[in-house]
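Convert by adding 3 to the 1-based position in the first sequence; the result is the number in this note's numbering. For each residue, glycine too, the CB sits at the ideal point set by N, CA and C. Below: the structure, in structure tokens.
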Amino acid sequence: MIKFKITNDLNLCLKNLNLKTNDKFVIETQANEEFGDYSSNLAMVLSKLNRMKPYELAEKICAELSKNKDYKKCEIAGPGFLNMTLNISVYQKLLKDIIEKNEMWGASEAGIGKRILLEFVSANPTGPLNIVSARAAAFGDSLCRVMKFVGYDAMREFYINDAGNQVDILAESLELRLREMHGENIGEFPFEAYHGEYVKDLAHRLNTLEGTRVLLLADRERTEHLKDFALEQIHEMQVKSLEKFDVFFDSWVSEKTLRQQGVVEEVLSYLAEADCTYEKEDAIWFCSSKFGDDKDRVLMKADGSITYFVPDLAYHLTKYQRSFDVMIDVLGPDHHGYVPRLKAAIHALKYPEEKLEIIFLQQVNLFDSGEKVKMSKRLGTIVTMDELVDYVGTDATRYFFLDRRPNSHLNFDIELAKKKSNENPVFYCQYAHARICSILKKAKKDKISLKELNPEMLKKLTKPEEITIIKKMLEFPSVLVSIADSREPHRLAAYAYELAGMFHRYYSKYVIVNKKSLVLSMGRLYLIMAVKNVLAVSFKLMGISAPEKM
RNA sequence: GCGCCUGUAGCUCAGUUGGAUAGAGCAUCGGCCUUCUAAGCCGAGGGUCAUGGGUUCGAGUCCCGUCAGGCGUGCCA
Numbered sequence: 004m005i006k007f008k009i010t011n012d013l014n015l016c017l018k019n020l021n022l023k024t025n026d027k028f029v030i031e032t033q034a035n036e037e038f039g040d041y042s043s044n045l046a047m048v049l050s051k052l053n054r055m056k057p058y059e060l061a062e063k064i065c066a067e068l069s070k071n072k073d074y075k076k077c078e079i080a081g082p083g084f085l086n087m088t089l090n091i092s093v094y095q096k097l098l099k100d101i102i103e104k105n106e107m108w109g110a111s112e113a114g115i116g117k118r119i120l121l122e123f124v125s126a127n128p129t130g131p132l133n134i135v136s137a138r139a140a141a142f143g144d145s146l147c148r149v150m151k152f153v154g155y156d157a158m159r160e161f162y163i164n165d166a167g168n169q170v171d172i173l174a175e176s177l178e179l180r181l182r183e184m185h186g187e188n189i190g191e192f193p194f195e196a197y198h199g200e201y202v203k204d205l206a207h208r209l210n211t212l213e214g215t216r217v218l219l220l221a222d223r224e225r226t227e228h229l230k231d232f233a234l235e236q237i238h239e240m241q242v243k244s245l246e247k248f249d250v251f252f253d254s255w256v257s258e259k260t261l262r263q264q265g266v267v268e269e270v271l272s273y274l275a276e277a278d279c280t281y282e283k284e285d286a287i288w289f290c291s292s293k294f295g296d297d298k299d300r301v302l303m304k305a306d307g308s309i310t311y312f313v314p315d316l317a318y319h320l321t322k323y324q325r326s327f328d329v330m331i332d333v334l335g336p337d338h339h340g341y342v343p344r345l346k347a348a349i350h351a352l353k354y355p356e357e358k359l360e361i362i363f364l365q366q367v368n369l370f371d372s373g374e375k376v377k378m379s380k381r382l383g384t385i386v387t388m389d390e391l392v393d394y395v396g397t398d399a400t401r402y403f404f405l406d407r408r409p410n411s412h413l414n415f416d417i418e419l420a421k422k423k424s425n426e427n428p429v430f431y432c433q434y435a436h437a438r439i440c441s442i443l444k445k446a447k448k449d450k451i452s453l454k455e456l457n458p459e460m461l462k463k464l465t466k467p468e469e470i471t472i473i474k475k476m477l478e479f480p481s482v483l484v485s486i487a488d489s490r491e492p493h494r495l496a497a498y499a500y501e502l503a504g505m506f507h508r509y510y511s512k513y514v515i516v517n518k519k520s521l522v523l524s525m526g527r528l529y530l531i532m533a534v535k536n537v538l539a540v541s542f543k544l545m546g547i548s549a550p551e552k553m
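Quick look at the structure:
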């Protein structure tokens, strides 16, 4: 919002000088004091348009801008950068806005009117959620929270692959475990079956509820019953894990339901109508290679069953039919080979490809005491999301998953996440919040009541650290907008960390509560209250708690 | 072989979408508690941004090549 003001001020200067603009110049915040508070590349960007040398143009703008009382200084540097320093009274006034907006500071209408569908986690319903799902949950949920906060109409969706081959294997695994429980010799447990302990737990539960009745059913009925039971149980288990992680989906879409609605046939006929299918070796193929995929893909196998691709494509078409402006898929690292055929089909069916955005999360490695934790699906030594969350806590887990760019591999240091010290960034951030709460309490105890905020209090805030903190908080709204637009929530973690650091440094240098100078104390208390609010908002958007005491 | 991702300090990672002298934390070394939470603060050292070219006023960022690592490349899901 401050950049907005500066942009306006600069445009006014251009207008007064009868100069042309193309709105391509940018305002940047400057960390280096030498270059002022904010700088702009305006002169370089507009020099050709106005047939002037950058430096000359910059000189004119500077002279004009200096007439504005809000600006203390305007200098030209390098090839023609405009370095602007604002009067501190501007910041003092803006602090009042931050405080008045309270927990709505940062909220905006940047995305107003845009409907967004965020699909993430969408784990197979064949076992407990793993740590990649946890990363997806932290990422998708926070992105959604930020998008909503800046005005988008965003919703979370989970696609359940509750049909297909893997579900048959699940039913078979459950049956074997049930038989085994009753002393039957099942031989060696099949390689491709689900080896996790949870299958045994499911068998126990089924046995407690229904005994061995299911084993007496006819083949087909028995499989269906086992499937339904396992799917329902595992779904519930996954929902619980997510809720514990403070992630709630607005919508669940079941592949099985889609199939029952006949969408599979529909998709096949659409593709056939578009003249994109052919028969070869008793199978039906989609000529995806005509649309950029490496090779053609099977839609219907020789045995008459359907591949994973068909219902998934159907699912994506339902997304289009629900008229979103943008649909975002958050996928795991093992899916990137799959996207070309999906995009190919969407293209072939003449749906707008650009509305579908795919974000890949790279794999997660767990490290404990410097050692990589070895995980194997086959050996059943997968660390589940619940285990991780129970061990290090929701706050640390969410923060650590959010802290890194989505498309880079993530090394999760369990030992560090558990540490309650400055080494751990989560605690560093939360500690700042708790500290502020503690100071506010102390002020109350000293009977410093925060009366109505008045200009005299704000005028006391003149230290460079104070102005730096205000500047940082002024950036918050635009940081959130850029997080939403770039789909990069990791920047929120960085922002909170930086703001917390600024506060810690400020705290150690200055006394905030001082009975001898009441007006100053009140000014500073307002400042840290604002910091507390901004921290609390960023924590909320990250899904971590804002402790009052630590 | 082909495709996607990655390569920045000893380690883990940022880098404001192409801006000025590339930044944090950890680790190492040295300081700061009779005063609002030391779960904190201050200081020091540490770099050929994998590499070679190109684009321009300007490149860690964009384009091409090379090298290295990860993943993918089923009539699995």
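Classify R325 as buried or exposed, calling it buried when 16 or more other Cβ atoms lie within 10 Å of its own Cβ. Along the first sequence, one-based indexing puts residue 325 at 322. With fewer than 16 Cβ atoms within 10 Å of its Cβ, R325 is classed as exposed.
Is it true that the CB of G39 sits closer than 8 Å to the CB of E78? The residue you call residue 78 lines up with position 75 of the first sequence. The residue you call residue 39 lines up with position 36 of the first sequence. In contact: E78 and G39 (Cβ atoms closer than 8 Å).
For A533 versus F542, is the C-beta spacing smaller than 8 Å? Reading the first sequence from its first residue, position 530 is the one you call residue 533. Reading the first sequence from its first residue, position 539 is the one you call residue 542. The answer is no: Cβ separation not under 8 Å.
Element boundaries [beta strand (DSSP E), containing K76]: For the purposes of this step, residue 76 is taken as residue 73 along the first sequence, with counting starting at 1. K76 -> beta strand (DSSP E) spans 74–80.
Indicate whether the contact test is met: 3 or more Cβ pairs, each with one atom in the stretch 357–369 and one in the stretch 331–347, closer than 8 Å. yes
Tell me, to the nearest whole angstrom, how far the beta carbon of L477 is from that of L97; I am working on the premise that it is less than 8 Å. Reading the first sequence from its first residue, position 474 is the one you call residue 477. Reading the first sequence from its first residue, position 94 is the one you call residue 97. Their Cβ separation, rounded to whole angstroms, is 6 Å, which keeps L477 and L97 in contact under 8 Å.
For W288 and F300, the rounded distance between their alpha carbons: Residue mapping note: residue 300 aligns to position 297 of the first sequence, counting from 1. Residue mapping note: residue 288 aligns to position 285 of the first sequence, counting from 1. Strictly speaking, residue 300 in this sequence is Arg, with Phe absent from that position. C-alpha separation (whole angstroms): 5 Å.
DSSP three-state assignment for E258, whether helix, strand or coil: Position 255 of the first sequence holds residue 258. Looking at E258 - three-state DSSP - the assignment turns out to be helix.
Where does Y281 fall in DSSP's three states? By 1-based counting over the first sequence, the position of residue 281 is 278. Residue state, collapsed to three classes: strand.
Return the residue from the list L316, I134, A446, I439 that minimises the CA-CA distance to A348. Start at 1 with the first residue of the first sequence, and residue 348 comes out as number 345. The candidate whose alpha carbon is nearest that of A348 is L316.
Residues that DSSP places opposite I115 in a beta bridge: In the first sequence, the residue the question calls residue 115 occupies position 112. Answer by DSSP bridge pairing: none, since I115 is not bridged.
Top-ranked residue by Cα proximity to E122, from E103, K230, V342, C147: Position 119 of the first sequence, counting from 1, holds the residue named residue 122. Nearest option by C-alpha distance: C147.
Based on Cα-Cα distance, which residue from I531, G265, P343 lies nearest to C290? The count along the first sequence starts at 1 and reaches residue 290 at position 287. Here the closest residue by C-alpha is P343.
Contact check, A496 vs D406 under 8 Å by CB: the rounded distance? For the purposes of this step, residue 496 is identified with residue 493 of the first sequence, where counting begins at 1. For the purposes of this step, residue 406 is identified with residue 403 of the first sequence, where counting begins at 1. Confirmed, Cβ separation roughly 4 Å.
For the structure I just gave you, are there three or more beta carbon pairs, one from the stretch 186–193 and one from the stretch 137–152, closer than 8 Å? no
Rounded to the nearest angstrom, how far is the Cβ of Y509 from that of I472, given a contact under 8 Å? For the purposes of this step, residue 509 is identified with residue 506 of the first sequence, where counting begins at 1. For the purposes of this step, residue 472 is identified with residue 469 of the first sequence, where counting begins at 1. Right, their Cβ atoms sit about 6 Å apart.
Starting from S43 and walking both ways along the beta strand (DSSP E), at which residues does that stretch end? Here residue 43 refers to the residue found at position 40 when the first sequence is read from its first residue. Per DSSP, S43 belongs to the beta strand (DSSP E) from 41–43.
When you compare the stretch 388–402 with the stretch 155–163, are there three or more beta-carbon pairs, one atom per stretch, that lie closer than 8 Å? no
Using a threshold of 8 Å, state whether the C-beta atoms of S257 and D165 are closer than that. In the first sequence, residue 257 corresponds to position 254, counting from 1. In the first sequence, residue 165 corresponds to position 162, counting from 1. A contact, by the Cβ cut-off of 8 Å.
Validate contact between the stretch 497–505 and the stretch 446–461 using beta carbons, cut 8 Å, 3 pairs: no
What are the start and end residues of each continuous alpha helix (DSSP H) run of 4 or more residues lying completely inside the stretch 477–524, in chain order? 493–512
Quick one: using the 10 Å Cβ neighbour count with 16 as the cut-off for buried, is N536 buried or exposed? If you number the first sequence from 1, residue 536 lands on position 533. Buried, by the Cβ-count rule.
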